[in-house]
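Visitor:
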Amino acid sequence: MHFRYHPAATAALFALLLVSPSAARAERNVDSTTTDHKLLAPVRAAVPPVIDGILDDEVWEYAVQLDNFFVPALNRPPTERAILWLAFDDTCIYWAGRMFDSQPGALRMEQTRRNGYVLNDDYISIGFDVDNQHIGGGEYVFRMTPRGTQSEDFPDGSTSKVEWRGDWRGAARIDSLGWTVEVAVPMRMFNRPGGPRIIGISSARRHPRTQERILWPNLGAQWDRSKCGDWPVVLPPFRERPRFMPYGVGEATRSSLDSYFGGDVKWMAPNGIKFTATAYPDFQNVQNEILGLDFSYTELLKGDNRPFFAEDVKFLPDSSIFYSNRVGKIYGGLKAVGNIGSTHRVGFINTFDRQEANHLAAKWFWRPNGRVDASNAFAWRHGPLGTITKRNTPQARDNAVWVSSLGIDQLLGRWTESYDFQGALSHTSDGVGNGYDVQASWDHSPTNSGFGLRLRGRLISHDFLTVDGGLDTIEADQRYAAARFGYKRQYDRRAFKYWEIYANGAHASRFDGTLFQRSASLTGSLTILPGVNLDCAIEDKRRPPYDDRTGTLSFGWLQDRLFTAGKLSAVYGRVKDTDYFLVSASQGFRPIRVLTAKVGAQYRRRDFPLGHVEDPSGGVEHLRQLIGTVQYDLTDERALSGRIVYTNDGVNGYAAFQQMLRRGMDLFLIVGDPSADTWTERVAIKAVFVL
Numbered sequence: 000m001h002f003r004y005h006p007a008a009t010a011a012l013f014a015l016l017l018v019s020p021s022a023a024r025a026e027r028n029v030d031s032t033t034t035d036h037k038l039l040a041p042v043r044a045a046v047p048p049v050i051d052g053i054l055d056d057e058v059w060e061y062a063v064q065l066d067n068f069f070v071p072a073l074n075r076p077p078t079e080r081a082i083l084w085l086a087f088d089d090t091c092i093y094w095a096g097r098m099f100d101s102q103p104g105a106l107r108m109e110q111t112r113r114n115g116y117v118l119n120d121d122y123i124s125i126g127f128d129v130d131n132q133h134i135g136g137g138e139y140v141f142r143m144t145p146r147g148t149q150s151e152d153f154p155d156g157s158t159s160k161v162e163w164r165g166d167w168r169g170a171a172r173i174d175s176l177g178w179t180v181e182v183a184v185p186m187r188m189f190n191r192p193g194g195p196r197i198i199g200i201s202s203a204r205r206h207p208r209t210q211e212r213i214l215w216p217n218l219g220a221q222w223d224r225s226k227c228g229d230w231p232v233v234l235p236p237f238r239e240r241p242r243f244m245p246y247g248v249g250e251a252t253r254s255s256l257d258s259y260f261g262g263d264v265k266w267m268a269p270n271g272i273k274f275t276a277t278a279y280p281d282f283q284n285v286q287n288e289i290l291g292l293d294f295s296y297t298e299l300l301k302g303d304n305r306p307f308f309a310e311d312v313k314f315l316p317d318s319s320i321f322y323s324n325r326v327g328k329i330y331g332g333l334k335a336v337g338n339i340g341s342t343h344r345v346g347f348i349n350t351f352d353r354q355e356a357n358h359l360a361a362k363w364f365w366r367p368n369g370r371v372d373a374s375n376a377f378a379w380r381h382g383p384l385g386t387i388t389k390r391n392t393p394q395a396r397d398n399a400v401w402v403s404s405l406g407i408d409q410l411l412g413r414w415t416e417s418y419d420f421q422g423a424l425s426h427t428s429d430g431v432g433n434g435y436d437v438q439a440s441w442d443h444s445p446t447n448s449g450f451g452l453r454l455r456g457r458l459i460s461h462d463f464l465t466v467d468g469g470l471d472t473i474e475a476d477q478r479y480a481a482a483r484f485g486y487k488r489q490y491d492r493r494a495f496k497y498w499e500i501y502a503n504g505a506h507a508s509r510f511d512g513t514l515f516q517r518s519a520s521l522t523g524s525l526t527i528l529p530g531v532n533l534d535c536a537i538e539d540k541r542r543p544p545y546d547d548r549t550g551t552l553s554f555g556w557l558q559d560r561l562f563t564a565g566k567l568s569a570v571y572g573r574v575k576d577t578d579y580f581l582v583s584a585s586q587g588f589r590p591i592r593v594l595t596a597k598v599g600a601q602y603r604r605r606d607f608p609l610g611h612v613e614d615p616s617g618g619v620e621h622l623r624q625l626i627g628t629v630q631y632d633l634t635d636e637r638a639l640s641g642r643i644v645y646t647n648d649g650v651n652g653y654a655a656f657q658q659m660l661r662r663g664m665d666l667f668l669i670v671g672d673p674s675a676d677t678w679t680e681r682v683a684i685k686a687v688f689v690l
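Spelled out as structure tokens, the structure:
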């Protein structure tokens with residue numbers, strides 16, 4: 000049974016279902032263990048609860064109750080019981096939880112920083128599928144740990160500044176029975192027009208001591224969101240004033256002194272479309288991503304943490320046609336994203352960079368139900384003829400790409416089956432990049448344990464080109480087919496809980512019939528004990544004129560720990576006509592609660608024969624990379640941090656003070672340049688606040 004939003008029907012439903020506190024007391028229990036899809040009672044809070052983690056407020060006596068949590072992966076109820084309660088009023092959704100634990104002293108709660116990584120800790124979360132799509136990744140998720148650490152996921156990406164994206168309140172307490180939470184989520188955070196609405200509800204609890212992932216309702220091992228509960232609520236009228244986020248930057252080096260001001264502005268229209276503009280933005284990150292030394296025939300792509308691009312990123316085309324790192328420093332930009340009804344989503348971004356090139360991208364996404372989705376995406380770059388782009392290719396005056404895709408998912412008993420189809424066309428004003436890219440895949444996966452199979456095919460013409468996309472130009476001109484077959488098994492025990500093995504094969508040829516690439520591999524993974532993993536792989540790859548053969552072995556320990564995880568891995572064999580060896584190691588440390596550190600090291604050796612294309616004289620290449628980071632938490636919102644990086648090119652490092660407040664001005668002071676290859680004498684200060 001599925002519920003969709005229709006104004007007249009929903010209004011009638013609310014008239015029938017809105018319950019008073021006294022009526023709710025008798026009907027608040029919801030048992031989803033025997034029902035695939037449950038409609039919850041829309042209980043209003045007569046008096047808002049005090050958010051203190053103590054469940055003594057009257058509202059929890061009549062709020063709708065979620066019980067009968069389940070462990071789908073193990074097909075049984077949880078070892079430790081959990082109960083949630085839900086209610087709402089004219090401004091907020093309130094939820095509370097009682098998580099029973101027979102050993103409250105063993106609760107794991109390492110993370111203290113707001114929106115830090117909490118998925119290795121004990122936590123309880125609730126997901127609100129505001130558009131009632133019953134799909135994964137479409138939910139607003141709010142998490143609490145026993146320590147009271149808050150974490151949230153917005154379905155489309157968001158920036159780190161809490162005042163910019165909206166705030167919510169939560170509190171937790173530990174007692175002899177386990178722990179409790181209370182939370183208030185302002186409904187304006189959902190950025191939806193006011194009025195009656197049915198939203199999807201699901202909840203997840205992680206219990207590290209028993210290694211259990213506990214769900215309400217029982218969504219199955221594949222988390223089938225079509226089984227989520229439906230909860231009628233009334234969203235308040237949406238009246239949003241523009242928000243301004245100005246910032247100032249000052250930078251001093253040995254030879255120069257510079258300062259500038261910029262800012263962002265955001266406004267939400269009554270229909271839910273969000274507009275964001277930026278002018279002369281600061282894109283200097285405190286810490287950038289450092290790529291490893293692993294050899295690759297193609298470009299390695301980095302994540303992009305720049306606020307203007309990171310927020311609402313899922314509304315925009317993916318990196319295959321719009322890889323935002325291709326866009327350098329910009330003078331300004333405009334973005335508009337939002338939902339149209341319950342089945343359509345649109346996104347648009349346009350920027351003008353300091354090479355006088357314009358970058359535009361747009362996407363329309365349609366999901367008529369939880370099993371089918373379709374999208375159309377477009378990317379266009381217009382700039383001066385012959386400009387050298389960030390991928391070091393001269394640009395035609397115009398380069399455009401159009402992509403259409405269709406996806407279908409269905410459940411077949413204990414298996415999930417999915418079909419994906421995609422077609423793309425590229426066009427350049429000089430005609431050099433007029434090409435196409437067509438691909439299709441079929442995936443048959445077990446919901447828990449069993450066999451899985453994946454098939455994929457692709458045709459890319461030799462002249463397919465995406466100047467602003469992440470697709471490497473060497474990948475064009477190929478006919479590609481691949482298959483993956485494997486088996487996985489999970490057990491209800493502590494040791495040797497999970498293992499899997501997969502065989503992969505792929506063949507790609509150029510359109511003239513010559514071989515581009517052929518590969519076969521066998522990979523295996525084993526969970527020996529909680530947090531102790533062993534992975535191995537062997538691969539044979541033919542990529543003319545090279546014939547590569549490698550073996551990989553990786554061992555990880557404390558992988559379920561946030562600060563003290565460690566890993567050692569090695570790759571040995573022959574790559575690109577050289578004897579190849581790569582070893583990587585990393586280890587985290589937390590000597591005291593406020594001090595964390597991590598050390599990572601990589602060493603790569605390649606023996607070049609005489610006449611090799613990269614080193615005709617022959618010889619041995621030694622590459623080294625050593626990365627050390629440290630952070631000292633002055634408070635949960637202020638920290639001192641630093642990093643040092645040693646490579647063959649030299650040494651770089653930085654030291655920083657970070658102040659990231661729930662309310663007020665964020666402040667960053669950086670000595671050094673995290674983005675440079677070697678040490679740079681530089682001091683920079685950045686201040687950010689929201690009006």
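Residue 0 is where the sequence shown starts when you use numbering that gives the first Met the number 0, and the numbers rise one by one after that. Heads up, the beta-carbon is just placed ideally off N, CA and C, and yes, glycines get one too.
Identify whether M244 lies in helix, strand or coil by the three-state DSSP scheme.
Guide: On the sequence shown, position 245 is the one that residue 244 refers to. It is a strand residue.
Visitor: Excluding the 5 residues preceding and the 5 following R196 in the sequence, name in chain order all residues of the same chain whose CB lies nearer than 8 Å to its CB.
Guide: Residue numbering aside, residue 196 sits at position 197 when the sequence shown is read from its first letter. Closer than 8 Å at Cβ, skipping near neighbours: Y4, T9, V129, N131, P231, V232, V233, L234.
Visitor: Quick test of your reading: R604 and V619, contact by CB under 8 Å. State the CB separation rounded to the nearest angstrom.
Guide: What you label residue 604 is simply residue 605 of the sequence shown in a count that begins at 1. What you label residue 619 is simply residue 620 of the sequence shown in a count that begins at 1. Contact check for R604 and V619: beta-carbon distance about 7 Å, within the 8 Å limit, so the pair qualifies.
Visitor: Go ahead and pull the three-state DSSP assignment for T34.
Guide: Position 35 of the sequence shown, counted from the first residue, corresponds to residue 34. Caution is warranted here: a pLDDT of 44 is assigned to T34, below 50, making its placement in the model unreliable, and the coordinate value is therefore given only provisionally. Coil.
Visitor: Does the Cβ-Cβ distance between A95 and E181 come in under 8 Å?
Guide: To locate residue 95, count along the sequence shown from 1; it is residue 96. To locate residue 181, count along the sequence shown from 1; it is residue 182. Contact flag set, yes.
Visitor: Can you have a look at V431 and say buried or exposed, based on whether 16 or more other CB atoms are within 10 angstroms of its CB?
Guide: On the sequence shown, residue 431 is found 432 positions in, with the first residue counted as 1. Counting Cβ neighbours within 10 Å, V431 comes out exposed, since fewer than 16 surround it.
Visitor: Any idea what DSSP makes of T472, helix, strand or coil?
Guide: Taking the first residue of the sequence shown as 1, we reach residue 472 at position 473. DSSP places T472 in helix when its eight states are reduced to three.
Visitor: For a test of the three-state rule: what should DSSP assign to S444, helix, strand or coil?
Guide: For the purposes of this step, residue 444 is taken as the residue at position 445 of the sequence shown. In the structure shown, S444 sits in a strand (DSSP, three-state: E or B).
Visitor: Once the 5 residues before and after I82 are set aside, which same chain residues still bring their CB inside 6 Å of it?
Guide: Taking the first residue of the sequence shown as 1, we reach residue 82 at position 83. Within the same chain, I82 has close Cβ partners D66, R97.
Visitor: Pick from S202, A62, E239, R212: whose alpha carbon is nearest that of D120?
Guide: As a first step, residue 120 must be located in the sequence shown, where it is residue number 121. The shortest Cα separation from D120 among S202, A62, E239, R212 belongs to R212.
Visitor: Alpha carbon to alpha carbon, how far is P77 from H133?
Guide: On the sequence shown, position 78 is the one that residue 77 refers to. On the sequence shown, position 134 is the one that residue 133 refers to. Their Cα atoms are separated by approximately 24 Å.
Visitor: Take F484 and list the residues in its own chain whose beta-carbon comes closer than 6 Å to its own, dropping the five residues that flank it on each side.
Guide: Numbered from 1 along the sequence shown, position 485 holds the residue referred to as residue 484. Here the set comprises L452, A502.
Visitor: Applying the 10 Å Cβ sphere with the 16-neighbour rule, what's the burial state of A72?
Guide: The residue you call residue 72 lines up with position 73 of the sequence shown. By the 10 Å Cβ count, A72 comes out buried.
Visitor: Name the one or two DSSP bridge partners that A276 has.
Guide: In the sequence shown, residue 276 corresponds to position 277, counting from 1. According to DSSP, A276 bridges with V264, L333.
Visitor: Quick check: D303 and G327, are their CB atoms within less than 8 Å of each other?
Guide: As a first step, residue 303 is located in the sequence shown; it is residue number 304 there, counting from the start. As a first step, residue 327 is located in the sequence shown; it is residue number 328 there, counting from the start. It is not a contact, given that the beta carbons lie outside the stated cut-off.
Visitor: What is the DSSP secondary structure of A25, counted as helix, strand or coil?
Guide: Translated into the one-based positions of the sequence shown, residue 25 becomes position 26. In this prediction, A25 scores a pLDDT of 38, lower than 50, which makes its location untrustworthy; the coordinate-derived value is nonetheless stated afterwards. In the three-state reduction of the DSSP assignment, A25 falls in the helix class.
Visitor: Please look up how many angstroms separate the CB atoms of E680 and R238, rounded, as I've assumed it's under 8 Å.
Guide: Numbered from 1 along the sequence shown, position 681 holds the residue referred to as residue 680. Numbered from 1 along the sequence shown, position 239 holds the residue referred to as residue 238. Actually they are not in contact, since the Cβ atoms of E680 and R238 sit about 50 Å apart, beyond 8 Å.
Visitor: Do you know offhand how far A361's Cα is from Y322's?
Guide: Mapped onto the sequence shown, residue 361 falls at position 362. Mapped onto the sequence shown, residue 322 falls at position 323. So the alpha carbons of these two residues sit roughly 13 Å apart.
Visitor: Does K226 come out as helix, strand or coil in the three-state DSSP assignment?
Guide: For this step, residue 226 is matched to residue 227 along the sequence shown. It is helical.
Visitor: Between the C-alpha atoms of I684 and M244, what's the straight-line distance to the nearest angstrom?
Guide: For the purposes of this step, residue 684 is taken as residue 685 along the sequence shown, with counting starting at 1. For the purposes of this step, residue 244 is taken as residue 245 along the sequence shown, with counting starting at 1. The straight-line gap from Cα to Cα measures roughly 16 Å.
Visitor: Please work out which residues of its chain come closer than 6 Å, Cβ to Cβ, to W215, disregarding the five sequence neighbours upstream and downstream, and give them in chain order.
Guide: Position 216 of the sequence shown, counting from 1, holds the residue named residue 215. Excluding sequence neighbours, W215 sits near L65, F68, S202.
Visitor: Where are the alpha helix (DSSP H) runs, 4 residues long or more, that stay fully inside the stretch 149-222, in chain order?
Guide: 161-164
Visitor: Three or more C-beta pairs closer than 8 Å, one from the stretch 446-460 and one from the stretch 341-351: is that the case here?
Guide: no
Visitor: Are the beta-carbon atoms of L359 and Q601 separated by less than 8 Å?
Guide: Sequence index remark: in the sequence shown, residue 359 carries index 360 (1-based). Sequence index remark: in the sequence shown, residue 601 carries index 602 (1-based). Contact flag unset, no.
Visitor: Could you tell me the alpha carbon to alpha carbon distance between F307 and G261, rounded to whole angstroms?
Guide: Position 308 of the sequence shown, counting from 1, holds the residue named residue 307. Position 262 of the sequence shown, counting from 1, holds the residue named residue 261. Near 12 Å, if we compare the C-alpha coordinates of G261 and F307.
Visitor: Let's see if you can read the secondary structure: which residues bound the beta strand (DSSP E) around A309?
Guide: Your numbering for residue 309 matches position 310 in the sequence shown. Taken as a continuous stretch (DSSP letters only), A309 belongs to no beta strand (DSSP E), being part of the alpha helix (DSSP H) at 306-309.
Visitor: Do you know offhand how far W678's Cα is from G652's?
Guide: Looking up residue 678 in the sequence shown gives position 679. Looking up residue 652 in the sequence shown gives position 653. So the two alpha carbons sit approximately 6 Å from each other.
Visitor: Which same chain residues end up closer than 6 Å to Q624 when comparing Cβ atoms and leaving out the 5 residues on each side of it in sequence?
Guide: Along the sequence shown, one-based indexing puts residue 624 at 625. Closer than 6 Å at the Cβ level, and outside the excluded window around Q624, lie L292, Q601, T646.
Visitor: In the DSSP output, what is Q586 paired with across the bridge?
Guide: Residue 586 sits at position 587 when you count from the first residue of the sequence shown. Beta-bridge pairing links Q586 to G565, V598.
Visitor: With a threshold of 8 Å between beta carbons, is A251 in contact with chain C?
Guide: Judged by its chain identifiers, the structure shown contains no chain C, having just a single protein chain.
Visitor: How close, in whole Å, do the beta carbons of V400 and I320 come, if the pair is a contact with beta carbons under 8 Å?
Guide: Position 401 of the sequence shown, counted from the start, is the residue given in the question as residue 400. Position 321 of the sequence shown, counted from the start, is the residue given in the question as residue 320. Confirmed, about 5 Å.
Visitor: Give me the DSSP bridge partner(s) of A378.
Guide: In the sequence shown, the residue the question calls residue 378 occupies position 379. Its beta-bridge partners are A360, V400.
Visitor: Which value, in whole angstroms, describes the spacing of the CA atoms of Y497 and Y122?
Guide: Along the sequence shown, read from residue 1 onward, the residue named residue 497 stands at position 498. Along the sequence shown, read from residue 1 onward, the residue named residue 122 stands at position 123. Looking at the two C-alpha atoms, the distance is approximately 22 Å.
Visitor: Would you list the residues sitting across from P231 in a DSSP beta bridge?
Guide: Within the sequence shown, numbered from 1, the residue matching residue 231 stands at position 232. Answer is I197, bridged to P231.
Visitor: Within its chain, find whatever has a CB closer than 6 Å to the CB of R478; leave out the 5 residues flanking it on each side and keep chain order.
Guide: The residue labelled residue 478 in the question sits at position 479 within the sequence shown. Same-chain partners within the cutoff: L458, S508.
Visitor: Exposed or buried, R142, counting other C-beta atoms within 10 Å across all chains shown (16 or more means buried)?
Guide: As a first step, residue 142 is located in the sequence shown; it is residue number 143 there, counting from the start. Buried is the call here.
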